[in-house]
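In this note's numbering, the protein residues as written are 2 to 352. C-beta: ideal position from N, C-alpha, C; glycine also.
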């Protein structure tokens, strides 16, 4: 257990360093960063109880109040990625309330050496903690399992992690496993979640370094929008073209498929079951755009939104998160849509 705690503490510190290295971060808009901060404190407190105080009883039964925040924070992050309404603040009220109780019980136990406070905490608060973790992680599991796309890879990894957390909690509840194995399973699950998020951050850093070191390349060559004469003999009716175009717009706004850097017309065809040439024709005739203009338009709007939310964020990291795979393409489409370079737009947002 000591080794696992040490790994966890180091892991979360490295994760936080890499994330904050991307530029100023607004914690209100970054539930995963708050989660990593809480996990760092969680593992540090557990390490303090086990290494410094050498109090195995408090280590085992004095569950930290951060457990009430993990489920809501991850669910809030998931909602953000899918463009859904974020969680109400009441979801985080138990973490605040039981945080106060946690500090009171811990302080009284350490100062008076009376175990009555710990017995109360163990009998009632731990039960509520179990219910909170099981409820949120079970919901996360089924919610993500129903999704057909995952804007970022870490969302997909939350599915098995949530299932693992629920499994160990239920098995521990009916006392089929010793507390040691229950805690081991839960800690490993949270460490794996941090590893997956760290992989994402490292991928972003790698891509940004490649952009910085590579010579400025030309943006993707746009395929010109086809004139309507080309489709005079097409079997696609104007009503069908309009319906297909709206279907594509729905995929972009609801599922944010544009965040996928490797997104292609074939992917959209496979997703919708509509032939590629009909999708291309629908975009050309109904929206007056080709595939690249259509997708990169959503990426630029997402970049504008993120810049306005946090002007201090590094632009290359932001471009990567929005789905662009080259710096030149990001700059070209941003300038074409807004009339400003990304840096000038950010300067205006700051003012």
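Evaluate residue i with the Cβ neighbour count: other Cβ atoms within 10 Å of its Cβ, from every protein chain shown; 16 or more gives buried, anything less gives exposed.
i	result
residue 349	exposed
residue 239	exposed
residue 282	buried
residue 86	exposed
residue 343	buried
residue 303	buried
residue 117	exposed
residue 324	buried
residue 53	exposed
residue 125	exposed
residue 107	buried
residue 347	buried
residue 77	buried
residue 97	exposed
residue 224	Per-residue confidence for residue 224 stands at a pLDDT of 49, beneath the threshold of 50, marking its modelled position as unreliable; the derived number appears in the next sentence. Residue 224 is exposed by the Cβ-count criterion.
residue 39	buried
residue 154	exposed
residue 91	exposed
residue 280	buried
Residues in the same chain with beta-carbon distance under 7 Å from residue i, minus the five sequence neighbours each way, listed in chain order, please.
i	result
residue 360	With the chain covering 2 to 352 only, the question about residue 360 has no answer from this structure.
residue 287	242, 243, 246
residue 170	131, 134, 135
residue 439	In the structure as shown, the chain starts at 2 and stops at 352, and residue 439 therefore has no counterpart that could be examined.
residue 187	166, 169
residue 157	151
residue 163	138, 141, 142
Considering residue i, what are the terminal residues of the alpha helix (DSSP H) in which it resides?
i	result
residue 61	57-62
residue 122	Counting along the chain, residue 122 falls outside any alpha helix (DSSP H), and DSSP gives it neither H nor E.
residue 309	292-310
residue 31	Element bounds for residue 31: n/a, residue is neither H nor E.
residue 255	239-256
residue 267	266-273
residue 332	328-339
residue 103	94-113
residue 136	127-146
residue 150	Neither: residue 150 is in no alpha helix (DSSP H) and is coded neither H nor E.
residue 318	316-323
residue 69	68-82
residue 343	343-351
residue 277	277-283
Using 8 Å for Cβ pairs, my map puts residue i next to residue j. What's the rounded Cβ distance?
i	j	result
residue 137	residue 73	6 Å
residue 252	residue 296	The pair is not a contact, with the Cβ atoms about 10 Å apart (cut-off 8 Å).
residue 146	residue 159	Wrong, their Cβ atoms sit about 10 Å apart, outside the cutoff.
From the options, pick the residue whose C-alpha is nearest to that of residue i; which is it?
i	options	result
residue 114	61, 153, 199, 56	56
residue 258	82, 288, 344, 306	82
residue 152	327, 332, 341, 254	254
residue 95	134, 79, 119, 185	134
residue 333	306, 310, 301	301
residue 63	77, 46, 71	46
residue 331	305, 285, 309, 177	305
residue 345	318, 272, 326, 308	308
residue 189	101, 201, 161	161
residue 293	326, 183, 93, 318	326
residue 100	155, 140, 195, 127	127
residue 184	38, 44, 351, 312	44
residue 201	35, 312, 109, 321	321
residue 129	159, 147, 180, 70	70
residue 102	37, 89, 123, 148	123
Just to confirm my understanding: we take residue i, look at its own chain, exclude 5 residues before and 5 after, and list those with CB closer than 8 Å. What are they?
i	result
residue 42	65, 67
residue 298	290, 334, 338
residue 217	Low local confidence applies: a pLDDT of 48 at residue 217 is under 50, so the model's placement there is unreliable, with the coordinate-based value given in what follows. Result list for residue 217: 328, 329, in chain order.
Whose C-beta lies closer than 6 Å to the C-beta of residue i among residues of the same chain, with five residues either side of it excluded?
i	result
residue 50	56, 59, 60
residue 336	342
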